[in-house]
Amino acid sequence: MSSLGEQELEAVRAGLPPPRTGRSVWYGPELAARPQEWTLELSEPDVAEIEAAVAQVLAQEEAAGRDPTRRLAVLRPGDFPLPRLAPRLQALHGELLHGRGFALLRRLPVERYSRLQAAAAFMGLGAHLGAARSQNGAGHVLGHVTDLGLSRQVAGRIIVVGGGTEWRGSDQINLYSSDPSVRIYQTRERQTFHTDSCDVVGLLCLREAKSGGDSLLVSADTMYNEMRQRCPELLARLLAPMPHDRRGEVPAGQQPWFDIPVFSWFANEVTVFYQRQYFDSAQRFAAARRLTPADVAALDAFDALANDPALNLTMRLAPGDMQFVHNHNMLHDRTGFQDWPEPGRRRHLLRLWLAAPGARELPPPFAARYGSLEVGNRGGIVVPGTQLHVPLQPPSQQQQQQQQQQQQQQQQQQQQPGGVGK
C-alpha cells in the first residue's frame, strides 16, 4: 500500500502517535465467532421492568395533560427506573466508552407496542447511557431511519464483482445527491462507513427490509494501526484538517463547511471523525481548501481498509434489536436494501444520538461540529430556529423537502453581505 522503503516508513512512523491497544482493537471475523461477548439478551423480567417504566412515564404525562413526547426528549435515568437492568446498562456504558466500543441488546418485543411505547422504551434505555441530542436542523431527538423515496436523487456507482464490492476510488464509493441536503439514511442506498456527530449512536429495529440492510461495524483503532503499519505517510495526511460539508445544516455565525482531521491525537487518545461524502462535497465551496492527490489517496486507503472483510463485522438487526456504537473509535455502515412493497412492512429503525457522561475529552476542532465540548452536553446539530422534539413518524417527502428548502434559505441569508456567516 506504500511506495516508500522500510527505512523511510520507519522515519514516518516515528513522527506519528503510538499504535492503539486495548479491547477497542479488534478484527470482525474474530468477534463474529463470539457473539455472546457483545450481545445482551433481554429476559422476560428485564422486559417487564422496561414496560413498567414506560407505563409510569406515560401515565404521569397523561395525568398532567401534557404531550408525553416532550418528556421523552429530556428523559434522565431517574425518570426511567430500572433497578434490575440498570447495573448491566452501566457496565454496557463502560464497554462502549472504554472497551469494545459497541453492544447489541436483543429481544425487546416491539411487535406488541404502539409507536409511542416503543419510542419511550428505547429513549428510556438510552437515557441510562447518555442525554439525547438533536439529529438534524429540524431538532429531531428521535430519528427515523427509513427510505423516504429519495434514492432517485442519489447518483454514483458501485461495482460488484465476485460476490463482493470492489472499491476502486472516490468516484465509486461516494454517493452524491443532486440535493446536498439529502442524507443517505433517508434512502435505500449503501451508506458507506462513517461516524455520527455524537458520543454514542443507538438504533432500535422496528421492521427489517425484505433483503439487505445489514449493519456493519469496523474499529477505527484497528484501522489506525493498519495504516500506521502499511502506509504511515497516508495516515499522516489524515491527521491534518480537511474541509467537511455541513450539508445545509449551518449553525449561526458559521461557514457551510468546517475543517477537521479524520484522526485526531488528543489527551492520549486517537479519535476518529469521518463521512467521506461530506469531505468530498465540501469541494463545492470555492473558499474551502482543495484536497490534494495525497489527501484523496489517504481517504481512498481509509475506505479500502474499512471495507476489508478481514477488519469489519456484519450483523443483521431483527425487530426488537438495539445496537449502540461509540462514535469516537468505531465506524458504522449499512448495506443497500430491497424493501417490501407494503408500506406497513417496510424497513424502519429508530435512532438516538447520545451525549455520554464519562466520555473522552474531544480535541478543539470538534467544537465546529459539536458546538460544545463539555462532556455530557455536546454533539448533535443545532441551527437557527431549531426546536427539540420527538417525532413519532418519519417525515413525508414533502415535509423533508420543505425542511431542506428552509435550511438552504437560512444558509443563503448567512452568506449574504452583512449576514452572520460573513
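Counting from 1, one number per residue, gives the positions in the sequence shown under full-length UniProt numbering. For glycine and all other residues, C-beta sits at the position ideal for the given N, C-alpha and C.
| Asked | Found |
| --- | --- |
| Could you spell out where the alpha helix (DSSP H) holding residue 127 opens and where it closes? | 115-127 |
| Kindly list the residues whose CB is nearer than 8 Å to the CB of residue 96, restricted to its own chain and excluding five residues on each side of it in sequence; keep chain order. | 102, 103, 129, 200, 324, 325, 326 and 356 |
| Who does residue 245 pair with in a DSSP beta bridge? | 257 |
| Mind reading off the beta-carbon distance from residue 202 to residue 354? Whole number of angstroms is fine, and I expect it under 8 Å. | 6 Å |
| To the nearest whole angstrom, what separates the beta carbons of residue 270 and residue 224, a pair I think is in contact under 8 Å? | 5 Å |
| Would DSSP call residue 334 helix, strand or coil? | strand |
| Given a threshold of 16 other Cβ atoms within 10 Å of its Cβ, counted over all protein chains shown, does residue 286 qualify as buried or as exposed? | exposed |
| Between the beta-carbon of residue 337 and the beta-carbon of residue 351, is there less than 8 Å? | no |
| Would you mind reading off the limits of the beta strand (DSSP E) that contains residue 39? | 39-41 |
| In chain order, what are the residue ranges of uninterrupted beta strand (DSSP E) at least 3 long that sit wholly in the region 80-106? | 102-106 |
| Name the residue from 192, 316, 311 and 122 whose alpha carbon lies nearest to the alpha carbon of residue 108. | 122 |
| From the DSSP output, in three-state form, read off residue 130 for me. | coil |
| Please state whether the Cβ-Cβ distance between residue 257 and residue 239 is less than 8 Å. | no |
| What number of angstroms, rounded off, separates the C-alpha of residue 313 from the C-alpha of residue 54? | 33 Å |
| According to the Cβ coordinates, are residue 222 and residue 277 closer than 8 Å? | no |
| Could you tell me the distance, in whole angstroms, from the CA atom of residue 318 to the CA atom of residue 132? | 23 Å |
| Enumerate in chain order the residues of its own chain whose CB-to-CB distance from residue 16 is below 8 Å, with the five nearest sequence positions on each side excluded. | 228, 232, 235, 236 and 239 |
| Closer than 7 Å by C-beta to residue 198: which residues in its own chain qualify, once you throw out the five before and the five after it? Chain order, please. | 133, 327, 353, 354, 355, 379 and 380 |
| Distance check for residue 244 and residue 290, CA to CA, integer angstroms please. | 11 Å |
| Check this for me: beta carbons of residue 339 and residue 220, under 8 Å apart or not? | no |
| Can you give the Cα-Cα distance for residue 176 and residue 334, rounded to whole angstroms? | Any reading at residue 176 must be qualified, since the residue scores a pLDDT of 42, below 50, and its modelled position is unreliable; the value itself is stated next. One C-alpha to the other measures close to 16 Å. |
| Using CA coordinates, which residue listed in 207, 196 and 230 is at the minimum distance from residue 246? | 196 |
| Can you give the Cα-Cα distance for residue 301 and residue 281, rounded to whole angstroms? | 18 Å |
| Kindly indicate the opening and closing residues of the alpha helix (DSSP H) around residue 69. | 68-72 |
| Would you kindly report the start and end of the unbroken beta strand (DSSP E) that includes residue 305? | Careful: residue 305 lies outside any beta strand (DSSP E), inside the alpha helix (DSSP H) at 293-306. |
| Work out the CA separation of residue 310 and residue 33 for me, nearest whole Å. | 13 Å |
| Decide if residue 21 is buried, meaning its Cβ has at least 16 other Cβ atoms within 10 Å, or exposed. | exposed |
| With a threshold of 6 Å on Cβ separation, who are the neighbours of residue 8 within its own chain once the five nearest residues in sequence on each side are excluded? | none |
| Nearest to residue 146 by CA position, among 39, 366, 204 and 25, is which residue? | 204 |
| What residue from 230, 358 and 11 has the CA that sits closest to residue 92's CA? | 358 |
| DSSP state of residue 54, grouped into three classes? | helix |
| Between the beta-carbon of residue 331 and the beta-carbon of residue 262, is there less than 8 Å? | no |
| Going by CA-CA distance only, name the one from 274, 349, 366 and 218 that's closest to residue 307. | 218 |
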